[in-house]
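Asker:
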Amino acid sequence: MARLIGSISFLCLLSAQAQTRAPQSPQPSNLTAQDLTRGKQLFEAQCAPCHGIQGTGGKGANLARPTLKHAADDAGLFAVIQNGIENTGMPRAWQMTDREVWLVVAHVRSLGRVAVENLPGDAAQGKALFRSQGCGACHIVNGVGGNLGPELTEVGARRSSERLRQCLLEPGKALPDGFVMVRAVRGDGSALEGIRVNEDSFTIQLRDLANRFHSLRKQQLQTLEYKLEATPMSSYRDKLSGAEVDHLVAYLASLRGQR
Amino acid sequence: MRFARVTFLLPCLLTAQVPYERIVNADGEPGVWLTYSGNYQGHRYSRLAEITPANVAGLRPLWVYQTNNPRTEVSPVVVDGVMYVTEANNVTALDVHTGRSLWSWTRPIPKDLQTIGFGRTNRGVAVIDELVVVGTLDAHLVALDAKTGAVRWDAEVADYKVGHCITGAPIAIDGKILTGISGGEAGIRGFIDAYDAKSGKRLWRFWTIPGPGEPGHDTWTSDAWKTGGGSTWVSGSYDPDLKLVYWGVGNPGPDWNGDSRIGDNLYTCSLIALDADTGKLRWHFQFTPHDEHDWDATEIPVLINGTVRGQPRKLMAMANRNGFYYLLDRATGEFLLGTPYAKQTWAKGLDDSGRPMVLPNSAPSVQGTLVYPSLQGATNWFSPSYSPKTNLFYVAVREMGSYYFKGEAEYKPGTFFAGGGERALDGDQAWGAIRALYPTTGKMIWEFRLKSPPWAGVLSTAGGLVFGGSNEGNFYALDARDGKPLWDFQTGSSMESNPISFFVDGKQRVAVAAGRAVFVFGLAGN
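Chains X and F supply the protein sequences, listed in that same order.
The C-terminal residue of the first sequence carries number 556 in this note's numbering, and the numbering is unbroken.
The C-terminal residue of the second sequence carries number 541 in this note's numbering, and the numbering is unbroken.
(1) Taking the alpha carbon of D238/F as the point to measure from, which residue in I224/F, N54/F and P230/F has its own alpha carbon closest?
(2) On the CB-based measure, 16 or more other CB atoms within 10 Å of its CB, does N40/F come out buried or exposed?
(3) What is the C-beta distance between G231/F and A288/F, in whole angstroms, given that I count them as a contact (C-beta under 8 Å)?
(4) Excluding the 5 residues preceding and the 5 following R389/X in the sequence, name in chain order all residues of the same chain whose CB lies nearer than 7 Å to its CB.
(5) Could you check whether V373/F and K363/F sit closer than 9 Å to each other, using their CB atoms as the reference points?
(6) Are the beta-carbon atoms of S252/F and G198/F separated by less than 9 Å?
(7) Need the endpoints of the beta strand (DSSP E) that G537/F sits in, please.
(8) Please identify, using Cβ separations under 8 Å, the residues of the segment 375-387 of chain X that lie next to chain F, in order along the chain.
(9) Cα-Cα, which of L128/F, G150/F, G183/F and V111/F is closest to S52/F?
(10) How big is the Cα-Cα spacing for A448/F and T405/F?
(11) Mind listing the chain X neighbours of Y55/F? Cutoff is C-beta to C-beta under 7 Å, in chain order.
(12) Leaving out five residues before and five after Y356/F in sequence, what residues of the same chain have Cβ atoms less than 8 Å from its Cβ?
(13) So which residues on chain F does T520/X lean against when the C-beta distance must stay under 7 Å?
(14) Which residues share a DSSP beta bridge with P267/F?
(15) If you run the structure through DSSP and keep just helix, strand and coil, what is C180/F?
(16) Just list the residues that DSSP pairs D443/F with in beta bridges.
(17) Let me see if you follow: with CB-CB separation under 9 Å, is E496/X close to chain F or not?
(18) Contact criterion: CB-CB distance below 9 Å. Does E200/F meet it with respect to chain X?
(19) Contact defined as beta carbons within less than 8 Å: I believe S417/F pairs with E437/F. What is the distance between those atoms, to the nearest angstrom?
(20) Hey, which unbroken runs of the beta strand (DSSP E) at 3 residues or more fall wholly within the segment 418-471 of chain F?
(21) Strictly below 7 Å CB to CB, what residues from chain F border T450/X?
(22) Closest to G554/X by CA distance: which of G440/X, D543/X and P473/X is it?
(23) Kindly indicate which residue of E490/X, G484/X, E451/X and P447/X has the alpha-carbon position closest to the one of A471/X.
(24) Let me know the secondary structure DSSP gives F515/X once reduced to three states.
(25) Going by alpha carbons, who is nearest to D503/F out of K522/F, F518/F and V481/F?
(26) Classify R345/F as helix, strand or coil using the three-state DSSP reduction.
(27) Taking only runs of the alpha helix (DSSP H) that begin and end inside the segment 428-511 of chain X, which ones reach a length of at least 4 residues, in chain order?
(28) Check the Cβ-Cβ distances between F420/F and every residue of chain X, and say whether any is below 9 Å.
(29) Rank G486/X, S429/X and H404/X by C-alpha distance to the C-alpha of Q557/X and give the top, closest one.
(30) Give the DSSP-derived three-state secondary structure of A550/F in the structure shown.
(31) Just to confirm the assignment, what range does the alpha helix (DSSP H) spanning F221/F have?
(32) Apply the 10 Å Cβ neighbour rule to Y419/F and answer buried if 16 or more other Cβ atoms are within range, or exposed otherwise.
(33) Per the contact definition of three or more C-beta pairs closer than 8 Å, is the segment 274-283 of chain F in contact with the segment 316-335 of chain F?
(34) T334/X: which of A547/X, R514/X, E397/X and C347/X sits nearest, CA to CA?
(35) Please work out which residues of its chain come closer than 7 Å, Cβ to Cβ, to G540/F, disregarding the five sequence neighbours upstream and downstream, and give them in chain order.
(36) Determine whether the Cβ of R389/X lies closer than 9 Å to any Cβ atom of chain F.
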């Protein structure tokens, strides 16, 4: 019976009505390991059929992300779970007590956020390196920087230090989800290389390295090549010392979306 | 002269608008679209031939109707200049020339209603005589007056508070309205009902999970049958000659943890053939015994005639959610053929009786088991199509695997009773296709690849086209002979619906829902 509720993002459709209803009992503090396990169990029984066992989405929205667009805070998320979302498949959780809903809130919040790690590097020195190495030429942090590469404002909440390190040393093996460079040869033989921005069965949209958008119809192309593991970002393996990489990783890990 | 003509027409207008015989002979009247699938046989094929591979490049949107549902899955019904579209608990009659509303009926959705495992949607109506019949989210079957939308009768099918719901289109046959029921993730006990078309009185009910003392009950352990699922949430098909109703049955509950329901769990994941007069089971065929992957057999049964191993047969063809294409003798239920039409990693094959030879380590597990197809299946509720012109069976295919997880399942009325979940492989790991199969062998003749696993069904036409939709919003036409793409249009929303075709003043139209809207297309200049 299960079906896709598709790309409809439940949380994006949060109604104003749902946000107005406040919880009857306050958010519990100092949750124990047992509480967290209970929250996970409840999630797996009541939410996983649509949102996936790891919250990465399915019929329902992907919840494994650091910010949930329309559940700005825990109280907002509580309201979504308790009241459901009108006109969608997201039911209200009438069968759960307020405390149980709070435990599910805690579990959902844990899904998309990497825990803060103790790292060997120094974030302040990493910030200076970020500047001196020119990273900001391609990456936006807190509204400042170039826009060819992905925004990094909250990258530390989404990526483990191990993954961040890999991004610096072997960027082609740690590409963002869905990132792919393509090379298209048009009907007249001219070639175009760029980052895929969007694609459907009939068309593809690219951004070339001069940052211009292109729209191509697949039927009019001679070839369309997906360059797996290709990226405009070069490796910093030979440009930075081990300690410098540690500092840069510590800085990136500190970027958790708090402005 | 004009007066004389009106007088001549009057007797026709006074007769029933859509008598049963008109639906039986739907193939002889290609300008209308009288049932969910276009005819009783589930063909989703239009005998209109104005739009062809040569001129389809000139297809343009003529009007758009915006519903209030964020997503509509409706397959409209069109009869005598009126199109009936549905939303959750709503039916609207539209003028096919303009898309302007003629009437609209709404039943309030109860505040405490929950749809457990699916969205608030509706896939369409059945029409018969002067009635337009629709199922509602709160599990009522409502017959409306076709001219005004006034309620003629209203039957409570089941209690919505424990998860019963209707999203599929009913089927109207001689004097009866048939409906299935949703709720397979809520631990309901499924059924198919027949109601008297005149009064709304229930005539029979067939339980898809046999009770104590009934054949098949021993395929369940202890009380598991009471919450065994077996929903019937998509429409079935009908053979007016054999007077048999064919309906696919959904998954057993709980979905991904079968420990509490050891056995084959009849009649879940089966096709059942019911005597239309009595509701008695004539035969059944179970595609996926003891399913633990949510592979409902609720795909549209396609009724065709053909020769298999030298013998002419009345056939039932189904591309099943479990990844196999099946051919059964629809008079007897005899298994004739089963062959994969998509990637599947759970069965070594089917034995001579059609029973899957299940591979070890394919059941859901605590750590997750990777299996193809995904929970959503190699295809799903959206319709296939059969073209008698090309003699090909067209199906929208999902090439996608999934990690299946086993979890705890505790039955609480009106909540999820599922016992696990999945993590589907997505992004560039998953893709889709429209495939054309030779119906009596299941052999693939061509495929057209899609960017992602689709949620829209297909329509084939006598003009030689196959229409389909994509998650990325493309509505498109392929050459029915070789799958070559000929035309596409960006609708602006993912498509989870089935196309139809009909006449307006003798000109062919194609209609499809995308997002919250229904689009109607015709050739430029028409």
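Idealized CB from N, CA, C, for every residue including glycine.
Answerer: Let me spell this out:
(1) I224/F
(2) exposed
(3) Incorrect: roughly 14 Å between the Cβ atoms, too far for contact.
(4) Q379, N380 and G381
(5) yes
(6) no
(7) First-last of the beta strand (DSSP E) with G537/F: A532 to L538.
(8) G381, N384, T385 and G386
(9) Ranking L128/F, G150/F, G183/F and V111/F by Cα distance to S52/F puts G183/F first.
(10) 19 Å
(11) The contacting residues do not exist; Y55/F stays about 24 Å from chain X at best.
(12) A334, G338, F339, Y340, A393, V410, V412, R450, L452, G457 and M459
(13) Chain F residues near T520/X: none, gap ~16 Å exceeds 7 Å.
(14) G244/F
(15) In the three-state scheme derived from DSSP, where H, G and I count as helix and E and B as strand, C180/F is classed as strand.
(16) Under DSSP, D443/F takes part in no beta bridge, so it has no partner.
(17) Yes - at least one Cβ of chain F is within 9 Å of the one on E496/X.
(18) yes
(19) Between S417/F and E437/F a beta carbon distance of about 4 Å is seen, short of the 8 Å cut, so the two are scored as contacting.
(20) Counting only runs of 3 or more, we get 435-439, 446-452 and 459-465.
(21) Listed along chain F is no residue with a C-beta nearer than 7 Å to that of T450/X; the closest approach is about 23 Å.
(22) G440/X
(23) Looking at the Cα atoms, P447/X is the closest of the given residues.
(24) Sequence inspection shows Lys at residue 515/X; the Phe mentioned does not correspond to that position. Note: K515/X maps to helix in three-state DSSP.
(25) Closest by alpha carbon: V481/F.
(26) coil
(27) 452-455 and 458-466
(28) yes
(29) What the structure shows of chain X is the stretch from 298 to 556, and residue 557/X is not part of that stretch, so it cannot be assessed.
(30) Since the displayed chain F opens at 16 and closes at 541, residue 550/F lies outside it and no answer follows.
(31) That residue, F221/F, is in no alpha helix (DSSP H); its beta strand (DSSP E) goes R217 to W222.
(32) Its Cβ being crowded by 16 or more others within 10 Å, Y419/F is buried.
(33) no
(34) Closest option to T334/X, Cα to Cα, is E397/X.
(35) none
(36) yes
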